[in-house]
Structures are given as structure tokens and as C-alpha cells.
Amino acid sequence: MTSVSALQIVALVLAVLATVVGVTVFVLGARAIVRTVAVGRPATGRTSEPWRRTWLVLRLLLGHGRFQHRPAVKAAHWAVMLSFPILFLTLVSGYGQIIDPWFTLPLIGTWIPLEWLTEVIAWLSLVGIVLLIVVRQRSHPRRGAAAVSRVSAAGGSAPEGARASRFFGSNRGQAYVVEAVVLGVVLAVILLRGLEAMLGWPFWWATAMAALSDTPVAVYPTYGALLAHHPLTAWIGSLFAGASRAGIENAIVLVALAKILLSMTWMYVVGRRPAMGVSWHRFLAVVNVWARRDVNGKPALGPLAPVTAGGRPVDLTELEEIPDDLRLGVGAIEDFTWKGLLDLSTCTECGRCQEQCPAWNTGKPLSPKLVVMALRDHAYASAPYLQAAANASTEPAGHTSTTGHVPLTPGGSATDSHASLDVLTLVGDVIDPQALWDCTMCGACVQQCPVDIEHVDHLVDLRRNQVLVASTFPAELGAMFTKIEKRGNPWGLPARQRLAWAKDLPFEVPVVGVDVEDASAVDYLFWVGCAGAYDDNAKRTTRAVAELMHHAGVSFAVLGDGETCTGDPARRAGNEALFQMLAKTNIETFTEAKVRRIVVTCAHCFNTLRREYPQLGGEYEVLHHTELLEQLVADRRLVPVPEAERASGTDGATGLSSGTVTYHDPCYLGRHNEVYSPPRELLRASGARVTEMPRNQERSFCCGGGGARVWMEETTGTRIGTERAAEAVATGADVIATGCPFCTVMLTDGVASQPGEGGPAVVDVAQVLLDAVRPRD
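Each step along the sequence shown adds one to the number in this note's numbering, with nothing skipped, and position 405 is 537.
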């Protein structure tokens, strides 16, 4: 028909033009991403074990393991994700349908399994995208009061108003474009399938109705064939039962064109915006997950990535071998590794990191999402110039360094002069300095991120540059650094006091090199740690663990004044040089003392000795005291006695195991090292009634003491420890138990700030167990 032919010609011209523009702009956008990521420094170890990495990507993406706490969102996102590759074939067939409405893909176009898969995925994707739209609108920043109510009902604290939404600060307009395109394309696919059914069997509805009223059985194959090829969309064709065949053909051409125009519009929009992570993550997430730090499927938690130059770790204790122009940490966008820049590019702006961040939830400037977005936007504003400078044979006029990063001005291009542009600093111009130092390094952001962004490593690299290069950091940290350098501990107390905790114990605590020749003569070296030696609350934990090991017949010895800080607070504050100095000193001490097995009460010392010292050659079997004590209880070397037979001890621990206990997961024991069960098993073995806080285990809320924050004051918003203590008090527990001295300090202060008299005692799990195993004298 002439009208149909004219329509087809116009549609084909529009489809071809849209495709040429869309694909071209999309390829240019992809090229911009590749060029931006390529600006980054080398990142070693990111391509090892390729087959294992590939399997991990398939398992994580298809299994959607990071959505375990959001089953509805998991199912919805899974369907929408699969619709992209599966329904791509319907886009290809759409071009053929413009030329010929009867067109089907050769060989597979009428293959029943593919047709069923297409329709199932299309309907699931439709339901999924509608659900995701509803989720976004329910959590919209304009519904701040409702968001606060939902978070509170889940047992957590929440920022006031719009900040309570995890989508606060996200590019909502970009998200709406993506949602609209997905919705439009899926609807077009479903409508096309229905029209195709009507085109193939124009009188199937009447035939089917006749079949239900004593019509000969011979008509059934026609109806059955229709359902076989269009199982979930045949009914849509019935809506066009009165239309002519020409009308149906025209409708197929128009819907196919609409689907193509929608798809090409999306490609044009995202191609013009290479920093549009909400769209590009569907491609970049595969690469980012594949190039993750650990190939064991776990998030990038535990040890920090070392300082590197040229992709290799830098030894900062050998000052004479360090080049004068070595750039330490991240001070400019090009100081990130290519994996770091890929991280920034992959952010979906979902806000799950922001929703879990303790700093953000207590009214502070830090949002991991907003930090990543700010760095990403700066990278894509700067990278074209960086690339031009790197490829130039001479320095641009008015500029002195090819490594300086500059903002992209509107209308600028990679060939413009840099002379008129202001040079920005990452910390100060791009990121709020307070946001950088507000981070507790709790790892909640990394644990929650569905695309494996390594927030903690990046924030530490920014801190490293501030400390080691710019010498700009909070005054409290300067005092802490000085105390560690001079006295070997953040308290600045003399080494001779490291054994004060053992005074008046009913047994002798042997010291390596004094009472025993070396650590090979005992079962474990008991690493007391700075807090365990100097902090009054932590001393009680140290004594309790020593008594329990003695009671169980476990031989141990300590280093006494031979101990020095492991370096955890220095490293997380960005002072990598001080950390390496301390670590090498301790490793030399361990080597001389023939140390192989270590038990430690501090979660931060535990993580540092177990996960970070191997980076410097210190390989040891390191146990947290809760792990050792759980094994001793399981082996019945420690047996809790009936409550009536328990008696008080010198530390006043009476009654700790006879009431209700809530357990707070230390971040560096729980999220960073996945030790969740041993402390809880010990509490139950002690006879305590354990009640969980709403946020526990991998979703536990931080105490506020990590990331060297225990040495800094909180001057903005609510204290993190106060928020966590309020959650613990709300359980009605008599005792708050934990497994880290930093947590004990922060939660004790938090409980003291709660309204009313008294409050639950804050103790270590070992103190609860000691109360249960200590018999009456």
C-alpha cells in the first residue's frame, strides 16, 4: 500500500539518522571514559587470575549478592538488568520490522524458547522498573519526614528532613531519564509482541471463541500455535481484533520506530554525559567488579592498600631512596590509579553507602556517595586537559606542570590553553576537608556498594597526601603523631607502665626476654596493645583475658615495655611513614622473639597484625581473644559455673552474665574481618540473655572511634557514639558488650550522655565470660 510504503520510508530514514547520531555519540562517550580512566596511575594485581575473576563477576552479577537485605529491589533490579541484553534482539528486529512488518530474525526469530524468554523478561522488567520507580519516589528527598520515620522504625538514627533520603544529592533528572527509557522500551516490546500475534493470526480471537462453543477440534492447533509463540502477549492482540491488517502493519512500524528512537535517545544522552553513572554502570560495573581488589568475592575491607609508585609499594622508611618528586597519596585527580578512576565512573548514585554512613547519619558533611560524585565530576571536567597535556610536546602556555589538574570551562576543548583556568585542589575545592576527616573507616560504604567501589582506600589516599605532602591535618592528630613517635603510644605514657595492668593478679605474667627466652616457649604471645596497657576500661579486659587463659591452662607471655603501637591510628590518619616505621620495629621484635602465634584484645590491632603486617613481611597466626576463648569453651577448658556459685572478682564484674546483654559489633572485628559468631557464642555460653540491636553484624552502626577518630573531637552534628549508645539502651539490655577497647570508650561516653540516671554497663565480652567461669572462693 502506498501509505504504508511512505510511512516505512519516513520511519526508516528517522531510524537510520537516529542510529547514526546515537551510536556515534555513545562511542564518543565510551572513548571519553576510557581516556579518563587511562589518566590514572598503574594498579597492580587487578588482572591476576582472570578465569577466577570472570567466574566471580558472573556469580555476583547474576546472584545479586549485595542486595541480600533488599529482596524486592534485588528481584526488580535483576529483571531490569537481564532485560538489557535479552531484549536487545528485539531492537535489532525492529529495524527489519520497519522495512517489513512481518520480519523475524533468521533462524531464531520464531524459536519458541527465545520467544518465551523474551516475553517473560519483558513482563518481569516492566514490573521491576515500576517497583524501582515507586521505591525511588517513596524515598524521594521531598518525603524527608517519611524517610526519617522509616529509618527510625528499622531501629536506626537518620538525618533530619531531606538528608534522610539515600537519594539526597543524586542526579534525579538522570535517573528519571533512565527509568522513562526502560519503561518505554519494555512497553514497546510488549505491545509489539501483541501486534505480531494479531498480524500472524488476524482472526484468532473469533476462532478461539468458536472453539469454546462446539466447534470442531481442528481449530485448536491454530489457537495453540498462537499461544505457543505469544504466551503472555496474545491477549494484547485481541485489543486490535477489529483493526485491518494494514492498520496493524502501520502500528508495528510506528511502535518499532518509537522503540528505536527511545533507545537511540538514551545512547545520545549517556554519550553526551560520560559521568552519568546511573546509566554507564551497566557496562562499567562488569569491569569494576572484575578488577576488584580481592578475588575471594569479599569487599575491599580489612587491610588498606599500600602507598604505591609506578604500581609498586613504596618503602617510606628508606628516605634516601625516595625521589624528591614522588607524589604520595592522592592530591590531584591523576594521582588516582586507573582502578580508582574506574570506581568513580561506576557509581550508580544509589545512595546505599550514604544511607549506612555513620557520619552522614549524625549530621556531618561526609557522604561517601557525594564524595565519589564530586571526584567523578571533577575527573571528567579535568581529564581532557590532562590527556592533551600528556600528549603535548611542549607545555601549554602559562602552565608549569603536566600533572596539574584544571576545571573544564563551558565550551572548552582539549586543545584550549590552560592559562585562563584556575587550578583546584581536591581537598578544599572539590571535597570539604571536614568530610575527609569525619570518616571513621568503618567500611559500611564498601560493604553496601553493589558495584564494589573502594571508598575507604580512596579516602585514606586523600588523607595520605594531606599528611605526607601538604602537612595539613587536624591539630589533634599532630599531637597523636608526636606521642606515638616519642613514646610509642597515642597516650604519650612511658613504656614502663605497660605492665601496670598485671599488678595484683594471683599469678605471674611472664615477659619475653625476662621470664621466658622467647615466644616459642609459650602457646601465644599476648599482645596487650596501647589501650589494653593504658586505658582503665581496657585494662579490665586485659586482666580478664589473662585470667581466662590462665584458668584454661593456656601458656602465654607478653612483651612488656618491648611493645609499641601497631600503627593503626597513624595509618588510618594518613601517616603511612609512621605506620611503616612502627610496623617494621614490631616485625623485627617478633622475629627476634620467635613469635608465631598472637592473641590480641583490640580489634584494630587484630586487623593490623593479621591483615596488614603481611604487606611488610610479617606473617603470623593472629587470633582475636573472642576466637580463642570460644575455642576454649568448645573444648571445655573453660566451663561456666551455675549462677548461684559465681562470685565477685577484683574488677567488680559480678552480675554481668546474669542479665540481658546486647552485643555491639566492632567494625574492625565484624565488617572488616567477618568475626561475628564467636562473641555471641561466648555470651550465650556465659548464660546471658542476648538481645540484638536492629543494626547488627555487617550492618552494624559504628561507635565513631575508628579512622583515628577516637583522638579527634566531633564538633558537628550528634556524636556517633551517642547515637549508637541510644540504640543499645533502647533494647533494654542491662549490659552492652563489645570486643574492642575503642568501642568501649566511645560507647561508655555515649551511655553517659543519655538522659536519666545510670544506664547499662559497657564491658568487653571477656569480662562477661570471666563472671560466668569464676567460681566462688
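Here a beta-carbon is modelled for each residue, glycine too, at the ideal position from N, C-alpha and C.
Because the structure is a prediction, the values reported are computed rather than measured.
{"Asked": "The alpha helix (DSSP H) enclosing F468, as first and last residue numbers", "Found": "Segment: none, F468 is in no alpha helix (DSSP H) and carries neither H nor E."}
{"Asked": "From S790, G787 and L815, residue whose alpha carbon lies closest to that of H796", "Found": "L815"}
{"Asked": "Straight-line Cα distance separating E247 from G369", "Found": "16 Å"}
{"Asked": "Alpha-carbon to alpha-carbon, I868 and P497", "Found": "29 Å"}
{"Asked": "Whole-angstrom C-beta distance between Q488 and A576, which should lie under 8 Å", "Found": "4 Å"}
{"Asked": "Close Cβ partners of G231 (< 8 Å) along its chain, the five nearest in sequence each way excluded", "Found": "Note that residue 231 is Ile in the sequence shown here, rather than Gly. Taken in chain order, the residues that qualify are Q140 and L144."}
{"Asked": "Runs of alpha helix (DSSP H) lying entirely within the region 875-907, each at least 4 residues, in chain order", "Found": "897-905"}
{"Asked": "Per-residue DSSP class, three states only, for P273", "Found": "helix"}
{"Asked": "According to DSSP, residues forming a beta bridge with T794", "Found": "I868"}
{"Asked": "Outcome for G391 when other beta-carbon atoms lying within 10 angstroms are tallied against a minimum of 16", "Found": "Note that residue 391 corresponds to Lys in the displayed sequence, not to Gly. Looking at its Cβ environment, which holds 16 or more other Cβ atoms inside 10 Å, K391 is buried."}
{"Asked": "Proximal residues to L237 (C-beta, below 6 Å), its chain only, five neighbours per side dropped", "Found": "S225"}
{"Asked": "Rounded separation between C799 and D668 - CA only", "Found": "22 Å"}
{"Asked": "Cβ pair T478, A175 closer than 9 Å", "Found": "no"}
{"Asked": "Opening and closing residue of the beta strand (DSSP E) in which F658 lies", "Found": "Y656 to W659"}
{"Asked": "Integer Cβ distance of R158 from M399, believed to fall under 8 Å", "Found": "For clarity, residue 158 is Phe in the given sequence; the question names Arg instead. Yes, F158 and M399 are in contact; Cβ-Cβ is about 4 Å, under 8 Å."}
{"Asked": "CB contact flag (R630, Y666, <9 Å)", "Found": "yes"}
{"Asked": "Limits of the unbroken alpha helix (DSSP H) element including V732", "Found": "Careful: V732 lies outside any alpha helix (DSSP H), inside the beta strand (DSSP E) at R729 to V732."}
{"Asked": "At least three beta-carbon pairs within less than 8 Å, the region 585-602 to the region 700-716", "Found": "yes"}
{"Asked": "Residue from L223, A366 and G293 whose Cα sits closest to the Cα of V318", "Found": "L223"}
{"Asked": "At least 3 beta-carbon pairs within less than 8 Å: the region 668-681 vs the region 634-643", "Found": "yes"}
{"Asked": "C-beta atoms of G461 and Q566 nearer than 9 Å", "Found": "no"}
{"Asked": "Among V905, R191 and F722, nearest to E753 - alpha-carbon criterion", "Found": "F722"}
{"Asked": "Integer Cβ distance of V644 from G685, believed to fall under 8 Å", "Found": "That belief does not hold up - the Cβ atoms of V644 and G685 are roughly 19 Å apart, past 8 Å."}
{"Asked": "For L507 and L558, the rounded distance between their alpha carbons", "Found": "8 Å"}
{"Asked": "Identity of the residues DSSP links to V648 by a beta bridge", "Found": "V644"}
{"Asked": "Paired residues, beta bridge with I563 - DSSP", "Found": "V559"}
{"Asked": "Inter-stretch contact (C-beta, 8 Å, three-pair minimum) for the region 422-441 and the region 733-750", "Found": "yes"}
{"Asked": "Burial state of V148 (16 or more Cβ within 10 Å)", "Found": "exposed"}
{"Asked": "Residue range of the unbroken beta strand (DSSP E) whose run includes E753", "Found": "E753 to H756"}
{"Asked": "Opening and closing residue of the alpha helix (DSSP H) in which W183 lies", "Found": "P182 to G195"}
{"Asked": "Beta-carbon contacts of L609 that lie in its chain and below 6 Å, excluding the five residues immediately before and after", "Found": "A705"}
{"Asked": "Distance, R831 Cα to E251 Cα", "Found": "37 Å"}
{"Asked": "Backbone CA spacing between E889 and A860 [nearest angstrom]", "Found": "16 Å"}
{"Asked": "Proximity winner among T696, V731 and L193, relative to I719 (alpha-carbon distances)", "Found": "T696"}
{"Asked": "Per-residue DSSP class, three states only, for P445", "Found": "strand"}
{"Asked": "Per-residue DSSP class, three states only, for R405", "Found": "coil"}
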